[in-house]
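Going by the numbering used here, the letters in the sequence shown line up with residues 29 to 459, in that order. Note that beta-carbon positions come from the ideal geometry of N, C-alpha and C, so glycine has one too. Inspection log for the structure reproduced underneath, given as structure tokens.
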Amino acid sequence: MSDKTNDINNEPTVGSKRSWTDVNYKFCNDKEKQVVEEIQTETSWADVDWDSVRESIAKSITEKETDMIGEEDKNHHETNAMDYWDKFYKKNQNKFFKDRTYLHLEFPELNPLKITRDETFIFFEDDEDNEENGDNNNTSNNNNNNNNNNNNNNLYQDKDDLEKLEKEREKKMANLLSKNVDIKELKNRWIKEIEELTNDENKKLTVLEIGCGTGATVYPLLKLNPEKYFYVFDFSPHAVNLVKSNSLYNEAKLNAFVCDIATEQIPTSIVKDNSIDMMLMIFVLSAISRDKMHAVATSLFKSLKPGGVLYIRDYGLYDMTQLRFISKKGKKIDENFYLRADGTRTYFFTTQVLSEIFEAAGFKTLVSKYDTRELRNRKRMISMYRVWVRGKFMKPLDTEIPENNSKILSLYNDSTVGTTSTETTTTPKTE
């Protein structure tokens with residue numbers, strides 16, 4: 029069947045159907061595999077299996093990449109890492125990363141109200157402005173649909189994403205209504221449960237976020253976790269100032285401070301050793317040089333209570349972003365470590381490397397797995413494959429003095445205690 033061209037938007041078609049472009053193959057300069065068969069499903073953000081063909085092509089491309097930046101340039105970006113991130117936040121302020129209103133769906137310890145995926149948009153919706161925060165990762169390429177136009181300038185952004193978000197909202201609302209959910213009653217229940225949580229001394233926990241940025245993680249979690257006290261820090265002074273300038277900043281619930289975890293210890297004058305129940309590193313460890321990651325893990329281990337848990341979400345090996353770096357040439361710093369155009373850096377993890385880093389520091393691996401997703405832009409007919417890693421690491425329990433142990437996992441009846449869920453291969457196969 030011969031190829032045709034759509035006269036209206038000059039996009040390729042196969043027969044009478046428009047064809048999809050697989051962006052991962054496009055970055056690999058594989059012209060034959062860029063065009064894929066028509067995708068019938070309407071889902072634009074779906075869990076997918078990582079097939080062996082895609083894996084082998086990505087592996088071949090990364091192994092052939094030998095064009096690396098010079099030693100002087102490498103040392104410059106290592107020495108000035110904080111300055112580049114500070115410039116990033118001064119330029120973008122709080123308008124680059126959208127609120128991460130999805131973490132409670134991945135980590136139940138962050139979801140004391142047991143809010144479902146369909147209920148999430150209602151909980152985080154601003155009733156006055158009818159604001160839609162969404163539930164996708166900030167690395168997805170959707171816009172923030174809000175009245176402040178806090179738009180994400182990521183790859184393949186499309187203004188029609190606003191319509192898509194609204195359709196998603198309508199779909200989720202329809203799902204709730206089909207289950208005879210009374211929205212008003214649901215909100216009243218949340219108000220009551222939040223009050224109970226706030227007053228329950230037995231459920232009070234302390235959380236530390238490493239690399240808080242402008243607050244895209246902590247502020248949604250503050251609303252959802254009233255029983256928790258949050259410490260957050262970043263090595264960008266400007267980012268911390270933006271956190272503190274937020275109207276929701278309240279030192280009775282949140283303490284933000286500056287700390288470069290790659291070069292210094294967490295100040296014990298603010299965070300005492302063995303005092304934290306839960307730690308969060310969301311797309312942060314990847315910005316640190318591989319040779320400094322062990323020291324970072326060791327520092328975090330000291331601050332965490334026995335039985336406390338560290339949660340990580342970050343970039344996985346062969347993610348679309350890694351292939352994009354390779355296609356641009358001259359961006360490679362070291363193995364799986366690349367330089368962005370703005371001077372910041374990104375490492376791409378295997379689950380094996382992730383576990384090794386924290387186990388060497390004394391942690392026990394509870395979960396270390398890949399999260400593979402396909403993101404589709406229907407207007408541009410673009411299919412993008414993303415790979416992330418998700419980790420959950422526990423500081424071993426104190427068997428001699430049990431009262432020193434964190435109660436976080438027992439509070440949430442965590443089924444992973446005493447078990448290990450680890451993908452140890454070096455390729456991103458789903459579990």
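- Here G358 is not near N433, since their CB atoms are 7 Å or more apart.
- Each of N253, Y259, G243, L252 was checked against the Cα of S275, and the nearest Cα belongs to G243.
- Cβ neighbours of T226 within its own chain (closer than 7 Å, five residues either side excluded): P254, E255.
- The residues F261, F263, I294, P295, in chain order, have a CB closer than 7 Å to that of C287 in the same chain once the five nearest residues on each side in sequence are set aside.
- The Cβ atoms of T393 and S383 sit closer than 7 Å to each other.
- For R418, the pairing in a beta bridge is given by DSSP as R341, K397.
- If one requires a minimum length of 4 residues, the alpha helix (DSSP H) runs lying completely within the region 78 to 156 are 80 to 92, 99 to 107, 109 to 120, 131 to 134, 145 to 151, in chain order.
- Separation of the CB atoms of V324 and M422 is rounded to 17 Å, and the pair is thereby denied contact status at 8 Å.
- Taken in chain order, the unbroken stretches of beta strand (DSSP E) that lie wholly in the region 308 to 386 and span 3 residues or more are 332 to 343, 360 to 362, 365 to 367, 373 to 375.
- From the listed residues N364, R82, Y277, I340, the smallest Cα separation to L131 is found for I340.
- Under the DSSP definition of a beta bridge, T234 partners with Y257.
- In the DSSP secondary-structure assignment, I304 is bridged to L332.
- Per DSSP, the unbroken beta strand (DSSP E) holding A284 starts and ends at 282 to 286.
- The region 233 to 253 makes contact with the region 297 to 313: 3 or more CB pairs, one atom from each, lie closer than 8 Å.
- Leaving aside the five residues that flank F151 on each side, the residues in its chain whose CB is nearer than 6 Å to its CB run, in chain order, I143.
- Between H322 and the set I361, G371, I89, G390, the nearest pair of CA atoms involves G390.
- Residue burial annotation: G98 is exposed, with fewer than 16 other C-beta atoms found within 10 angstroms of its C-beta.
- If you draw a straight line from the Cα of N203 to the Cα of N139, it is about 20 Å long.
- With respect to the C-alpha of N103, the residue from E153, S88, L367 having the closest C-alpha is L367.
- Around the CB of R128, 16 or more other CB atoms lie within 10 Å, so the residue is classed as buried.
- At a Cβ-Cβ threshold of 7 Å, K356 and M96 do not count as neighbours.
- Here D426 has P334, G335, N432, N433 as same chain residues with Cβ atoms under 8 Å from its own Cβ, once five neighbours each way along the sequence are excluded.
- For the pair Y440 and P248, the CB atoms are not nearer than the 7 Å cut-off.
- Here K392 carries a strand assignment [DSSP, helix/strand/coil].
- The residue among K407, M409, V395, I436 with its C-alpha nearest the C-alpha of K420 is V395.
- In this structure, Y413 is the residue among N108, Y413, L282 with its C-alpha nearest to the C-alpha of G344.
- If you ignore the 5 residues before and after A388, its C-beta comes within less than 8 Å of the C-beta of H322, A325, all in its own chain and listed in chain order.
- Spatial neighbours of T234 in its own chain (CB-CB distance under 6 Å, excluding positions within 5 residues in sequence) are listed in chain order as Y257, I304, D305.
- Pairing I222 with K435, the inter-Cα distance amounts to about 19 Å.
- Per the coordinates, the alpha-carbon of E91 lies some 44 Å from the alpha-carbon of N283.
- By the Cβ neighbour-count rule, D347 is buried, with 16 or more other Cβ atoms within 10 Å of its own.
- Under DSSP, the beta-bridge partners assigned to D262 are V286.
- In this structure, DSSP gives I222 a helical state, which the three-state scheme calls helix.
- When the beta-carbon positions are compared, I89 and I354 come within less than 7 Å of each other.
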